[in-house]
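Colleague: First the structure, which I've put down as structure tokens, then a few questions once you've had a look.
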Amino acid sequence: MAKYILKRLFQSLITVLLVVSVVFILLRMMPSDYFFTEDELMKFTEVQKNAKLERLGIMAMCPECHGSGKTGEEACGHCHGEGYVNRSVFAQLGDFFYEMLEMRAYNAKGKEVKTVTPVPLWTYLRQQGAGEDPFNGTLKDGYRVKLAFNLGKSIRLEKGQYVTDVISNKMGVSMEIGLISLAISLVLGVVFGVAQAHYKGGAFDHIGTGFTVVVNAVPHLVIYTIIMIAGSSLFGLPMRYDATAANPTLTKILPIVCLSVASTAGYMLWTRRYMVDELNKDYIRLAKLKGLSTRKVMFRHVLKNAFVPLAQYLPYSILLTVGGSLLVETFFSVPGMGPELTKAIGRYDLNLVQGIVLLYATMGILGVFLGDLLMTVIDPRIKLTGKGDVR
Amino acid sequence: MKKFLALVMALCMVLGMASFASADEIKNLNTYETQARELETWNIHYSQAAADLNVLTNCFDGLLTNDNHGNLKPNAAASYGTEDGGKTWTFTLNEGMKWINKDGEVQADVVAQDWATGLEWVLNYAKNDSYNSSMPMEMIAGAEEYYNYTKELTETEGTEAAFALTADEGSKFAETVGIQIPDEKTIVYTCVDALPYFASVATYNCLYPLSAELIEEVGVQGYRDITWEDMWYNGAYTVTYFENLNQKVLTAAPNYWNAENVKRFDTVTIKMVESTANAYQLYLAGELDHVSLDQATLQEIYNDDANPNKAKLVEARPTKYSYQMHLVYSKNKEDDTPDDNWNTAVANENFRKSLYYGLDLTNYLARTNSINPQKCQNYVYTGNGVAFTSDGKDYTELVRKEIGLEYDAEKYNRYDPDKAAEYKAKAIEELTAKGVTFPVEVDYYIMGNNTTAAETAKVLENIFAEGLGEDYVKLVTKTYISSLANEVRKPRYASIFINGWGADFADPINFLGQETYDDTAAYYSNAYSMINDAKDEDLIAAYKEFTDLTVAAKAITDDIDARYAAFAKAEACFLGHCLTIPMSYEVAWELTKINNYSKVYSAYGMQAYRYVDWETNTDGYTTEDMEAFAAAYAAE
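These protein sequences, in sequence, are chains A and B.
Residues 1 to 391 (our numbering) make up the first sequence, in order.
Residues 1001 to 1636 (our numbering) make up the second sequence, in order.
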């Protein structure tokens, strides 16, 4: 099993690297105009545009012509006198991974000290090993050095801020409301799903089915508006997320309720469906004939088996809470990850897109892997290794 | 006498409102922005976006600001003036100004040298990427030379060499640029010429201060990427909380040098909301202190006599943006070949005149203000309130007099079906001879997912059809995905653009200078109309005539009235040849607890969002209250 886990982890790492590399290359294949704002595009001269692209690592100064004043036939065949040449996308990709592994200085408050030049990890280790000071005496007392895992800086949405900082600030908010709503919807969804299966064809089942149909059929924004207005007018709940409010918890209730509604309906639907499937199987009939109580049959046997397919997606769902919800977070102004990717794409904030894709890819792959492991824990009959009926 | 009577009446109305005067003033203001307008940078020297500057103007005090009538008013400068008609300007700073951090801890004294450091930053090619550099380069002696020096240095020796430059005594900057710091409290600017309007530039961020000690603390790269947590403040507020796409909290700055003379809120919370419809719900729930109404909500309230908010509907003051229909003179088709049919048609003056007189824009204006659409009328190019003659007359009045067109509260005055028909007939005859086929298609681009823009475009299509006939000209609405510049402007696919321009300083040149011919600094000529690539000789002659008049007006610096009269003639020439078609102003309706007439009001620059000296009322104002404020304001 340990060998299998190591193998899957290695495969996951390769997959993440591949996904990130492909996205990186595709983004850099876009026309370079997309690196500029509307204003920059119309106002910047070619020299200014090139200088900005050079700062972003997309172009490089031409070693032959830059600053030499060479033009026309005197200029080299690469830059034609413009002073800048395009860099290979693979060189840019190399820089991307290189900058991930830089040692940076932070002050006592944990803020990066930008007057201290970062040092690559291996240079840092080599110089430290040789008893040299990698930062040439620029570190003051109280500064500490750590690996930044730098994914570049945001170029539009939060200009100049590290992508890792942007993501880590927002991830926590999304995870908090995401995990609470997941827990609520899991408990409610499974309990109501079990109840629906137990009272199949009865009033409760019809009400539950009606609920899932309505939630899936009505556009979510309409449901959120109804919840927002009802929550505000009937219970006096704040209409938007506000971490500075006197009672911030109250401001999280409506987003959590909205997030829970859709997933509760989903868990109800699938729990009922798997339970009904299981209830019709012979081993359940046998258990009932043997005189097992309904409760024991439902929870020890039916639910346990019905839950296996749901469990596979549980780690995935938990991990993906870092991604937040586009609709709910936009609607309630929750400062989470939900709208970040679409906004980053909309404003061509390529580094941010890159960072978020890396995060989503990692979480997605890890989620599937953990889901597989969880299934084997819940149902020991499932084997991930060996020959034959393995997954 | 008339003015006296108006004053007495206004006083009576204000006194009559004593009943609401018992309501409390707001201590903690809750305002909002839609999420599309989130701040992108905290670097005030770098930013050119209103979304950033609306916040940052509260964190920094420039030399001058505006009052609620738009007049210039000392701010960081205690006094200012020129003794040579505008060639040199001297500003003397107030005592006791401090740089503080977000927690209000004093970091350093604010000194005159900070304005030199700020200007060096703006003009340094490597430090500020040419943002906000155009105004000082045009106006301050030696500024362009220094900019070019930093540009060359960047290109030959790299950015680090340019990063190392300072504004210290003996530096290249101090030697080159027309800014002298004779002592810690005095700043003297030397302009390229006598510039009577230069003082208004002192309200803008290109002339804002920057502490060299802050640069030393965070580094050049650190200041480029500065955040609210690290920056130093010298303004009325500090930022005490910021969460992207959620909210910002501005708190009255401790140790603020001017605390005794300005009224401030304890806190101002700027909440980011998903839409104006969402903001309306927040206003109803008491979570916002004002809300601008979309037309659906406005009509819903206006048509319901039982709605308690009907009596509280308030017409907002116009924004500073003057909206124009910019015509494109060198357009391409979507297969990237020149659109000869359009280019030939639009070069014809009779064709342009038929558009100018043939469109009754009332229904279009109603998209912004469905109750009083004619309040949004705009017949000139320069924005209202940008410049005033020595006897206090708005410059745009001079232009309207020149073109013989006045605003009318009841009808859209420019629409003249007889003239339109006459010019249409002439245009058909002349253009048919040149091989133009009818209807001439007018390609108008809107963002694909913007339903409001789609509805407005439909209204505009109908206005074209009803005013000029679909057999003559046809407005064709097309869509782009996300970038107007990339997808439409650069490949030149549009026939027209409708957008607004707001002035940065108080002179008509800030508008007219964007349209001149064969001028690389003319923004609209190069980015929108593409006039420099046009081929038609009559069209180019019209542009040259306008450009010559503008250049001549710009050269008049010793007589402000003569200068504005000359600009008015140039603008009348521009409009007379119908080289652009003025469209509208933004005058929306709102529900508010803020007296709009107490706020800083300026038709240029970035001072209008300063949260100082605002009169507020926790109960909100009624339509009558605001009308009384307007009357009192007009009588002041």
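The C-beta atom is built at its ideal place from N, Cα and C for all residues, glycine as well.
1) Under a CB-based cut-off of 9 angstroms, is A/L157 close to chain B?
2) What's the C-alpha gap between B/P1136 and A/Y316?
3) Buried or exposed: where does A/F90 fall if 16 or more other Cβ atoms within 10 Å of its Cβ makes it buried?
4) Can you list, in chain order, the residues of the segment 113-125 of chain A whose Cβ is nearer than 7 angstroms to any Cβ on chain B?
5) Are the segment 1038-1053 of chain B and the segment 1219-1233 of chain B touching, with three or more C-beta to C-beta distances below 8 angstroms?
6) Give the C-beta separation of A/Y106 and A/K146 to the nearest angstrom, bearing in mind that I take them to be a contact with Cβ-Cβ under 8 angstroms.
7) Span of the beta strand (DSSP E) holding B/D1109?
8) For A/W122, count the other beta carbons within 10 Å of its own beta carbon; 16 or more makes it buried, fewer makes it exposed. Which is it?
9) Are the C-beta atoms of A/E278 and some chain B residue less than 9 angstroms apart?
10) Ordered along the chain, which non-local residues of its own chain (more than five positions away) have a Cβ less than 7 angstroms from that of A/V173?
11) Quick one: complete alpha helix (DSSP H) runs, 4+ long, within the segment 1412-1458 of chain B?
12) Using the three-state DSSP reduction, which class does A/G202 fall into: helix, strand or coil?
13) I'd like to know whether the C-beta of A/V85 is nearer than 9 angstroms to at least one C-beta of chain B.
14) Do we get a CB-CB distance below 9 angstroms when we pair B/L1484 with the residues of chain A?
15) Check the Cβ of A/K339 against every Cβ in chain B and list those closer than 7 angstroms, keeping chain order.
16) Contact criterion: CB-CB distance below 9 angstroms. Does A/R240 meet it with respect to chain B?
17) By the 10 Å Cβ neighbour count, where 16 or more other Cβ atoms means buried, how is B/A1021 classified, buried or exposed?
18) Could you check what DSSP says for B/L1011 in three-state terms: helix, strand or coil?
19) How far does the alpha helix (DSSP H) with B/V1399 in it extend, from its first residue to its last?
20) I want to see whether chain A comes within less than 9 angstroms of B/Q1225, judged by CB atoms only; does it?
21) Determine whether the beta carbon atoms of A/F35 and A/L53 lie at a separation below 9 angstroms.
22) At 9 angstroms on the CB atoms, spell out the chain A contacts of B/D1289, in chain order.
23) Which residues in the same chain as A/K7 place their Cβ atom closer than 8 angstroms to its Cβ, once the five residues preceding and following it in sequence are excluded?
24) If you run the structure through DSSP and keep just helix, strand and coil, what is B/I1481?
25) Considering only the alpha carbon of each residue, which of B/S1330, B/V1440 and B/G1104 lies closest to B/T1240?
26) So the candidates are A/K3, A/A2 and A/T15; which of them puts its Cα closest to the Cα of A/V368?
27) Drop a sphere of 10 angstroms on the beta-carbon of B/G1502, count the other beta-carbons inside from all chains shown, and report buried for 16 or more, exposed for fewer.
28) Which residues does DSSP pair with B/D1183 in a beta bridge?
29) Which residue spans inside the segment 1525-1602 of chain B form an unbroken alpha helix (DSSP H) run of at least 4?
30) Going by C-alpha to C-alpha distance, which of B/A1409, B/V1488, B/I1556 and B/D1418 sits closest to B/D979?
31) For B/I1498, which three-state DSSP category applies?
32) Between A/E74 and chain B, is any beta-carbon pair separated by less than 9 angstroms?
33) Is DSSP giving B/C1206 helix, strand or coil here?
34) Can you tell me the Cα-Cα spacing of B/T1516 and B/I1531, whole angstroms?
35) Residues of the segment 1115-1134 of chain B in Cβ contact with chain A at a cutoff of 7 angstroms, in chain order, please.
36) Could you name the residues of chain A that B/Q1514 contacts, counting a contact when the two beta carbons are closer than 8 angstroms?
Modeller: Judging by the given coordinates:
1) At least one C-beta of chain B is nearer than 9 angstroms to the C-beta of A/L157.
2) Those two C-alpha atoms are separated by around 56 angstroms.
3) When all chains shown are included, A/F90 counts as exposed.
4) Listed by position along the chain: K114 and T115.
5) Yes: at least three Cβ pairs fall under 8 angstroms.
6) Taking C-beta atoms under 8 angstroms as the contact rule, A/Y106 and A/K146 qualify, at a distance of about 6 angstroms.
7) Per DSSP, B/D1109 is one residue of the beta strand (DSSP E) stretching across V1106 to D1109.
8) Exposed: under 16 other Cβ atoms inside 10 Å.
9) Taking CB atoms only, A/E278 has no neighbour in chain B less than 9 angstroms away.
10) Here A/V173 has V334, P335 and G336 as same chain residues with Cβ atoms under 7 angstroms from its own Cβ, once five neighbours each way along the sequence are excluded.
11) Counting only runs of 4 or more, we get 1417-1433.
12) Of the three classes helix, strand and coil, the one that applies to A/G202 here is coil, per DSSP.
13) No, its Cβ sits nowhere closer than 9 angstroms to a Cβ of chain B.
14) True, the Cβ-Cβ gap to chain A drops below 9 angstroms.
15) According to the sequence shown, residue 339 of chain A is Pro rather than Lys. Ordered by position in chain B, the residues that pass the 7 angstroms Cβ test against A/P339 are L1245.
16) By this cut-off, A/R240 is an interface position.
17) Bear in mind that the predicted position of B/A1021 carries a pLDDT of just 46, short of 50, making it unreliable; the figure below should be weighed with that in mind. Exposed, by the Cβ-count rule.
18) At B/L1011 the pLDDT is 48, less than 50, meaning the model places this residue with poor confidence; the figure from the coordinates comes in the next sentence. It is helical.
19) Taken as a continuous stretch (DSSP letters only), the alpha helix (DSSP H) holding B/V1399 covers Y1395 to I1403.
20) Rather than Gln, the amino acid found at residue 1225 of chain B in this sequence is Asp. Chain A, which has a Cβ nearer than 9 angstroms to the Cβ of B/D1225, makes this yes.
21) Yes, these two residues count as a Cβ contact at 9 angstroms.
22) Here the premise fails: no neighbours, minimum Cβ distance about 15 angstroms.
23) In its own chain, leaving out the 5 sequence neighbours on each side, no residue places its CB closer than 8 angstroms to the CB of A/K7.
24) Annotated three-state conformation of B/I1481 is coil, per DSSP.
25) Nearest in C-alpha terms to B/T1240, of all of B/S1330, B/V1440 and B/G1104, is B/G1104.
26) Nearest in C-alpha terms to A/V368, of all of A/K3, A/A2 and A/T15, is A/T15.
27) Around the beta carbon of B/G1502, 16 or more other beta carbons lie within 10 angstroms, which makes this residue buried.
28) Answer is B/T1186.
29) Whole alpha helix (DSSP H) segments, 4+ residues: 1537-1555 and 1560-1576.
30) The structure shown does not extend to residue 979 of chain B, since chain B is modelled only from 1001 to 1636, so the question has no answer here.
31) DSSP, reduced to helix, strand and coil, places B/I1498 within a strand of the structure shown.
32) It does not; no Cβ of chain B falls within 9 angstroms.
33) DSSP places B/C1206 within a helical segment (H, G or I) once states are collapsed to three.
34) B/T1516 and B/I1531 have their C-alpha atoms spaced approximately 9 angstroms apart.
35) Per Cβ criterion, the list reads D1129 and S1130.
36) Chain-order list of chain A residues neighbouring B/Q1514: empty, with the shortest C-beta distance near 12 angstroms, by a criterion of under 8 angstroms.
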